[in-house]
Amino acid sequence: MFYNIIRVCIYPVIFLLCIFSGKKRKFFFRRFFQNLNFLDRNKEYIWIHCSSVGEINLSEGLIKKIKSIYLNKKILISTFTDTGYATGKKRYKDDSQIDIIYFPVDDYFQLKRIFKRINVDLLILVETEIWPNLIELSHKYSKILLVNGRISDRSFKRYLKIKGLMKPLLEKIDYFCMQSEKDKKRIISLGARDESVENIGNLKFDINFENYSFEDKENLKKQLKVNDRKILVAGSTRIGEDEILMSIYKKLENHLLIIVPRHLERVEGIKKMAFDLGLKAKLYPEDNKEISIDTDVIIVNKMGVLRKFYSIGDAAFVGGTLVDVGGHSLLEPLFYGKTPIFGPYLQNVKDISKEILNKKIGYKVSREEEFILALENIEKKEPFSEKIKDFFQKNRCVVQKVLDKIEKMI
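So the sequence shown is numbered by the numbering used here: it starts at 36 and just counts up by one.
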């Protein structure tokens, strides 16, 4: 296969990179030389491949349902990123029915090693994870189901250029559960069989969001020394957004800005940026005891707590939208009754953002003035609780539709 010839040519380059970079060495070692002896040869597996933290969270409701229905099967979760792996290990650490591995970067030999070791009954690809070796090998050993499929404008243009290579791969996937009618049409135009594709909606509506007690929320507010200030929570921020948010914050009165960056390695840089702008910034939880009522910016240096911060906010900004990333979950702040503010870059959340704007339960902004106006509107009006409740209600039950497909396949 041409794909694997290219990979073989790239391996010497990877080897050289690993010699000179400890970070890259650790990345590839974890994926190419991981211990797989713990995998159970005597059990049938449903393999769920997730790219990162987002897909791990997205799949939680589906995984719980599969566990409860297929008690005699084990679940193998593979994830590409370190943060995805860490999240999966933490969430399912006491669950003997679930095994978690690093995805071996589509290496043919490592994947074959996995398929030879365990009996895979079904491979579930979460979102549009098109890995040629994974699909080719899985087609020989098991059924393949793609769930929550989506194809962004950018990806669609790239895939069209290699349509001749895409078509044989897509034909090996047994069924596609796509997020929208547009996604359905796009995957068919790239070569998926018409009869194997269905638009069933977005799994994100079936995520099991945590509910926090009044006491939990009040305790967190006390730790943060909120007092009577309004709280602006900026979730999953990316490079280029934090300075915009701090600039906006300087024009507000009686507010506390809480930044929850998408990547934790950025927290020190964000803290320095705040000081350079003349703002008093603290890290949470490290500087918890030093947070005072005159702290301007709190930067969260902890994974898995964004939803709790959304729950205490008066307003919420969703990151990856003021810079060309494509956006993160707009549903998380909505679930906690917060009207989300987001920028113009919405490739990853295009359909959901359109529905939010149509129902007038969110604000799209491009300039600081628009952001401030949206904040003022949110803080003046009552939350759109009934509209938000109706929004979730109409879009639920996607997990059940996926389970119906799984039942027909295994």
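Cβ atoms here follow ideal geometry from the backbone N, Cα and C, with glycine treated the same way.
Bear in mind that the values here come from a model prediction, so they are computed numbers and not experimental data.
Kindly give me the distance between the Cβ atoms of residue i and residue j, rounded to whole angstroms, as I take these residues to be in contact under 8 Å.
i, j, result
"A316", "I293", "The pair is not a contact, with the Cβ atoms about 11 Å apart (cut-off 8 Å)."
"L52", "K59", "5 Å"
"S364", "V353", "7 Å"
"L366", "F240", "7 Å"
"F73", "D134", "7 Å"
"E403", "I283", "5 Å"
"K265", "D349", "4 Å"
Based on Cα-Cα distance, which residue from the options lies nearest to residue i?
i, options, result
"G123", "L146, S401, I98, L238", "I98"
"K196", "P379, G89, L169, L225", "L225"
"K147", "D277, K125, S173, G184", "S173"
"V88", "N77, E79, I104, S113", "S113"
"F427", "I396, K440, E403", "I396"
"E276", "V358, K440, D263", "V358"
"L233", "N154, Y247, Y210", "In the sequence as displayed, the identity of residue 233 is Glu instead of Leu. Minimum Cα distance to E233 is reached at Y210."
"N323", "L280, L365, F310, K257", "K257"
"I279", "I266, K109, M213, E405", "E405"
"Y80", "K422, S86, V155", "V155"
"V433", "I133, N237, R126, V400", "N237"
"S86", "P368, D117, V302, K394", "D117"
"K178", "L369, I208, N168, P296", "I208"
"V295", "G119, G313, L267, K202", "L267"
"D141", "F191, N168, Y127", "N168"
"D218", "L205, K175, I186, F63", "I186"
"E206", "F191, E216, I223", "I223"
"Y143", "N92, Y46, I423", "Y46"
"N446", "F344, K416, D311", "No answer is possible for residue 446: the residues shown for the chain start at 36 and end at 445."
Using only the alpha-carbon positions, how far apart do residue i and residue j sit?
i, j, result
"L160", "F150", "16 Å"
"K436", "F50", "44 Å"
"L158", "R65", "22 Å"
"D425", "R221", "29 Å"
"L48", "Q69", "The residue asked about is misnamed: residue 48 is Val in this sequence, not Leu. Approximately 21 Å between the Cα atoms of the pair."
"L408", "K286", "12 Å"
"Y5", "S94", "This structure does not reach residue 5, given that the chain is present from 36 up to 445, and the question cannot be answered."
"P375", "E253", "22 Å"
"K449", "I104", "In the structure as shown, the chain starts at 36 and stops at 445, and residue 449 therefore has no counterpart that could be examined."
"Y137", "V332", "35 Å"
"R193", "L181", "19 Å"
"I40", "L259", "55 Å"
"A351", "G362", "14 Å"
"E414", "E300", "32 Å"
"K109", "S131", "8 Å"
"N430", "F115", "29 Å"
"L381", "I391", "12 Å"
"R189", "R273", "19 Å"
"H298", "A121", "13 Å"
"N393", "F244", "24 Å"
"E25", "E303", "The question about residue 25 has no answer here: the residues shown for the chain are numbered 36 through 445."
"S248", "S231", "44 Å"
With 8 Å as the threshold, decide whether the Cβ of residue i is near any Cβ in chain C.
i, result
"K219", "No chain C appears in the structure shown, which is made up of a single protein chain."
Under three-state DSSP, which class holds residue i?
i, result
"C212", "strand"
"C53", "helix"
"Y143", "helix"
"V360", "coil"
"I197", "coil"
"S224", "helix"
"T272", "strand"
"D322", "coil"
"N92", "helix"
"T122", "helix"
"N379", "Correcting the residue identity first, residue 379 is Pro in this sequence and not Asn. Residue state, collapsed to three classes: coil."
"S401", "coil"
"S187", "coil"
"N254", "helix"
"C85", "strand"
"D218", "helix"
"K424", "helix"
"E442", "helix"
"H298", "coil"
State buried or exposed for residue i, treating a residue as buried only when at least 16 other CB atoms are found within 10 Å of its CB.
i, result
"F377", "buried"
"V43", "exposed"
"G184", "buried"
"K306", "buried"
"E162", "buried"
"L200", "exposed"
"M213", "buried"
"N289", "exposed"
"M281", "buried"
"L204", "buried"
"S420", "exposed"
"G313", "exposed"
"I328", "exposed"
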